[in-house]
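For the protein sequence lines, the chains are A and B, in the order given.
Mapping of the first sequence onto this note's numbering: residues 65 to 502, in sequence order.
Mapping of the second sequence onto this note's numbering: residues 179 to 402, in sequence order.
Glycine included, C-beta positions come from ideal geometry on N, C-alpha and C.
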Amino acid sequence: MTKLLHKPLKAFAIYSLVILLVSIPVYFLVIDYIWISELDENNWLTLQHTRENLQNKSYSEEELKEISSIWGDLHPGVSLTKLNEKPSFQDSVFEAVRPNVFDVDDGEDRFRGLISYIELNGNYYRISVETNVEESDETVFAIAVVTFLFFIVLVGGFMVLNRAIASKTWKPFYLTLERLKDFNLSKDQSINLPESDILEFQEMNHSLRSLLNNNVDVYRLQKSFTENASHELQTPIALLKSKMDLLFQEKGLSPETLSLLEDIQAPLSRLSRINKNLLVLAKVENFQLSEKEELDVYGFIQTSQILFEDYLKEKNILLEVKVENSIEIVSNSFLLETLIYNLFSNAIRHSPKDSSIQIVLKKDLLSFSNSGEKELDSQHLFERFSTSSAEKISSGLGLSIVKEIVKQNNWEIHYKFLKSFHVFELRFPNSKFLPNPS
Amino acid sequence: MKILLIEDEESLAKDVIQYLSEKQYLCEIAKDFDSASEKILNYEYDCILLDLMLPGGSGLDLLQLLKNEGKQEGVIIISAKNSLEDKVKGLNLGADDYLAKPFHQAELAARIESLIRRSHFDSQNVKTFENLKIDFLAKKVQVDEIEVVLTKKEYDLLLFFIGNRNRVLSKSALAEHLSGDFADMFDSHDFVYAHVKNLKRKLKDAGCSEMIKTIYGTGYKWEA
Chain A
65 MTKLLHKPLK AFAIYSLVIL LVSIPVYFLV IDYIWISELD ENNWLTLQHT
115 RENLQNKSYS EEELKEISSI WGDLHPGVSL TKLNEKPSFQ DSVFEAVRPN
165 VFDVDDGEDR FRGLISYIEL NGNYYRISVE TNVEESDETV FAIAVVTFLF
215 FIVLVGGFMV LNRAIASKTW KPFYLTLERL KDFNLSKDQS INLPESDILE
265 FQEMNHSLRS LLNNNVDVYR LQKSFTENAS HELQTPIALL KSKMDLLFQE
315 KGLSPETLSL LEDIQAPLSR LSRINKNLLV LAKVENFQLS EKEELDVYGF
365 IQTSQILFED YLKEKNILLE VKVENSIEIV SNSFLLETLI YNLFSNAIRH
415 SPKDSSIQIV LKKDLLSFSN SGEKELDSQH LFERFSTSSA EKISSGLGLS
465 IVKEIVKQNN WEIHYKFLKS FHVFELRFPN SKFLPNPS
Chain B
179 MKILLIEDEE SLAKDVIQYL SEKQYLCEIA KDFDSASEKI LNYEYDCILL
229 DLMLPGGSGL DLLQLLKNEG KQEGVIIISA KNSLEDKVKG LNLGADDYLA
279 KPFHQAELAA RIESLIRRSH FDSQNVKTFE NLKIDFLAKK VQVDEIEVVL
329 TKKEYDLLLF FIGNRNRVLS KSALAEHLSG DFADMFDSHD FVYAHVKNLK
379 RKLKDAGCSE MIKTIYGTGY KWEA
């Protein structure tokens, strides 16, 4: 993942690199062109000057010979050479690389020359003017070095500017991002987005605010719907239950009627359980149980052991409780109780007869293991009404309640399938360990 | 025995009265806050069954009213709002018991009986059925003056049975009585049979006549 501000920076850097790279040959060509045309002009002026003076002064042939040799000695840039036949009198421009002892770098120099012809005293002479030109490799090297330096300055500048922009212009954006990260729909809180003088951010915050407010409203409605619906269902369920009790008291009921009545009991108690669990879930989600105290996890295990004793015996389940240390946590006692009872009763319900259940308390971990045949779908395990078995009594809410409680207390829960055992492992971070009570 | 039932759900109130009718209780109903407070102020009851959500006010305020008036009536809260907070508040305000809706009539009947027994414990701390004697204070059971040792659950069941004499008790009512709220976490309550069987055996072995009758396919009944 790239950070927002790094993306343009990278693009800018690459773009400026390309432009600067392209600029190197262009600079070179332009400089070389100017350089050469200037030199050609200079050569031409020198030539004109020399030619005019030679013609005006009307030197003798001997003198010309001497001038030529003196020039050759002192000023190699201009030379006068006598020709034996008549030339075409066509000026020409040339470029040459010659060895030069004064050049310490590579011993060579580039020259730009102009050749012209002149007729003096009936003889034909060739005048050539040469000027040293900066060598192309040197030019390219210099330009490259300068360009590279500028590139560094440019990118450095981009980075500094970027940081300045980030800390100023983008500040509201990052603030908004932070607030959004902290936002939790299930926590009843309003979101406070920062004000900004930048139109886009202002619009974004505005849209986010209305989006979030809508969601919060929908969420609240949904929550209160579940709660209200289950509250409303309480009374008819209570009535059904009490009517059933009265019906059982009727005299002279046939065995068929009695068995029908008995069959109604099971779905009725399931209905009652689902409804009760929905209420518990709503209560947990609504933070209606915020009263906290210090709780000893092992104490709750012991209570549940007594409570579920009959159910363990009924299925002939062997219970092993391994306690290395107890855990002291700060939470709501109803929540911890619900959590442990749900996991424990789950383990009992899903255990085959004559099997075993292990409860392990070790460091900050509490785990419930019961034997099972195949791994459960851990992805949907904690979702509401995701029935993993054909079992009839399940309310489909037990594990969602567990998950919600775990979430609210910032604990952790994991499911794994180990050696034909379903293992639910609870972790209580930041808890205190108590010595093994036994 | 006079009982005041403060409950706005008429049908439920009728069921409660019908179930309790055979026990020589005199039941009165108050359907809202005002009539309830009027009855509380003007009459004496042995037991008050109190719903917390009432038209016209909260049941908790009625508890406060009872307390302020110095009334000694035993109160059982019967509430659809199974909230720990209300339970604690109610018990702190002087309520004696809390029963969450939906409940089995048998459970309510047993709790009423237990409450009345406690509030009249001078005259009612021992009960006899033929040669069976139950001492509620000492939590001891005797047959022909010889103690029968019962487990806690068996003793609980015995009290539940005598609180619902001549009533058919379903397996689910018995299981709920023994396991409380958690009974409906399980699909099978066969353990109830084992406890009842043990209780019956112990009483029979001690020479008690068979008062717990098995009702085929349904549950049990205490006939005395």
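Whether residue i touches residue j by CB criterion (8 Å)
i, j, result
"residue 336 (chain B)", "residue 269 (chain B)", "no"
"residue 348 (chain B)", "residue 329 (chain A)", "yes"
"residue 252 (chain B)", "residue 291 (chain B)", "no"
"residue 283 (chain B)", "residue 197 (chain B)", "yes"
"residue 484 (chain A)", "residue 345 (chain A)", "no"
"residue 423 (chain A)", "residue 379 (chain A)", "no"
"residue 188 (chain A)", "residue 129 (chain A)", "no"
"residue 186 (chain B)", "residue 210 (chain B)", "yes"
"residue 326 (chain A)", "residue 287 (chain A)", "no"
"residue 174 (chain A)", "residue 199 (chain A)", "yes"
"residue 178 (chain A)", "residue 111 (chain A)", "yes"
"residue 428 (chain A)", "residue 334 (chain A)", "no"
"residue 391 (chain B)", "residue 328 (chain B)", "no"
"residue 219 (chain A)", "residue 77 (chain A)", "yes"
"residue 269 (chain A)", "residue 240 (chain A)", "yes"
"residue 342 (chain A)", "residue 294 (chain A)", "yes"
"residue 254 (chain B)", "residue 230 (chain B)", "no"
"residue 405 (chain A)", "residue 360 (chain B)", "yes"
"residue 92 (chain A)", "residue 207 (chain A)", "yes"
"residue 271 (chain B)", "residue 247 (chain B)", "no"
"residue 144 (chain A)", "residue 135 (chain A)", "yes"
"residue 104 (chain A)", "residue 161 (chain A)", "no"
Close beta carbons around residue i, own chain, < 6 Å, minus the five adjacent residues each side
i, result
"residue 312 (chain B)", "305, 319"
"residue 284 (chain A)", "none"
"residue 258 (chain B)", "279"
"residue 155 (chain A)", "180"
"residue 199 (chain B)", "none"
Whole-angstrom C-beta distance between residue j and residue i, which should lie under 8 Å
i, j, result
"residue 336 (chain A)", "residue 382 (chain A)", "At roughly 31 Å, the Cβ-Cβ gap does not stay under 8 Å, so residue 336 (chain A) and residue 382 (chain A) are not in contact."
"residue 322 (chain A)", "residue 395 (chain B)", "5 Å"
"residue 350 (chain B)", "residue 303 (chain A)", "Not quite, the Cβ-Cβ distance comes to about 16 Å (not below 8 Å), so this is no contact."
"residue 359 (chain A)", "residue 397 (chain A)", "6 Å"
"residue 368 (chain A)", "residue 432 (chain A)", "With a Cβ gap of about 10 Å, residue 368 (chain A) and residue 432 (chain A) do not count as contacting."
Cβ shell of residue i (< 7 Å), same chain only, five flanking positions each side left out
i, result
"residue 265 (chain B)", "276"
"residue 191 (chain B)", "183, 185, 207"
"residue 467 (chain A)", "446, 477"
"residue 311 (chain A)", "325"
"residue 108 (chain A)", "178"
"residue 401 (chain A)", "364"
"residue 279 (chain A)", "249"
Cα-Cα separation between residue i and residue j, rounded to whole angstroms
i, j, result
"residue 401 (chain B)", "residue 332 (chain A)", "28 Å"
"residue 89 (chain A)", "residue 260 (chain A)", "46 Å"
"residue 132 (chain A)", "residue 139 (chain A)", "10 Å"
"residue 244 (chain A)", "residue 289 (chain A)", "26 Å"
"residue 426 (chain A)", "residue 364 (chain B)", "28 Å"
"residue 314 (chain B)", "residue 333 (chain B)", "10 Å"
"residue 205 (chain A)", "residue 214 (chain A)", "14 Å"
"residue 243 (chain B)", "residue 205 (chain B)", "21 Å"
"residue 434 (chain A)", "residue 416 (chain A)", "9 Å"
"residue 393 (chain A)", "residue 471 (chain A)", "15 Å"
"residue 98 (chain A)", "residue 203 (chain A)", "13 Å"
"residue 372 (chain A)", "residue 418 (chain A)", "16 Å"
"residue 385 (chain A)", "residue 231 (chain A)", "56 Å"
"residue 202 (chain B)", "residue 449 (chain A)", "46 Å"
"residue 338 (chain A)", "residue 460 (chain A)", "8 Å"
"residue 201 (chain A)", "residue 163 (chain A)", "16 Å"
"residue 241 (chain B)", "residue 262 (chain B)", "17 Å"
"residue 395 (chain A)", "residue 494 (chain A)", "12 Å"
Sequence-distant residues of the same chain with beta carbon closer than 8 Å to residue i, five excluded per side
i, result
"residue 303 (chain B)", "295, 313, 314, 315"
"residue 194 (chain B)", "183, 185, 205, 227, 283, 286"
"residue 499 (chain A)", "389, 390"
"residue 236 (chain A)", "258, 259, 260, 262, 265, 269"
"residue 288 (chain B)", "337, 338, 341, 342, 355"
"residue 276 (chain A)", "247, 255"
Inset, instruction - Compile a chain-ordered list of the residues in the stretch 297-322 of chain A whose CB is closer than 7 Å to at least one CB of chain B. - result: Using a CB distance below 7 Å, the part of the stretch 297-322 of chain A facing chain B consists of 298, 299, 301, 302, 303, 305, 306, 307, 309, 310, 312, 313, 319, 322, ordered along the chain.
Legend entry - Interface residues of the stretch 329-350 of chain A facing chain B [CB-CB below 8 Å]: Taking 8 Å as the Cβ-Cβ cut-off against chain B, the residues of the stretch 329-350 of chain A that qualify are 329, 330, 333, 334, 336, 337, 340, 343, 347.
Inset, instruction - Determine which residues of the stretch 282-296 of chain A have a Cβ less than 8 Å from any Cβ of chain B, and write them out in chain order. - result: Answer set for the stretch 282-296 of chain A: 295.
Legend entry - Members of the stretch 267-299 of chain B near chain A, C-beta cut-off 8 Å: Residues 279, 280, 281, 282, 283, 284.
Inset, instruction - Please list the residues of the stretch 191-202 of chain B that have a C-beta atom closer than 8 Å to any C-beta atom in chain A, keeping them in chain order. - result: Listed by position, the residues of the stretch 191-202 of chain B near chain A (Cβ gap below 8 Å) are 193, 194, 196, 197.
Legend entry - the stretch 349-379 of chain B: positions lying closer than 9 Å to chain A by Cβ: Listed by position, the residues of the stretch 349-379 of chain B near chain A (Cβ gap below 9 Å) are 349, 350, 351, 353, 354, 356, 357, 358, 359, 360, 361, 362, 363, 364, 365, 366, 367, 368, 369, 370, 372, 373.
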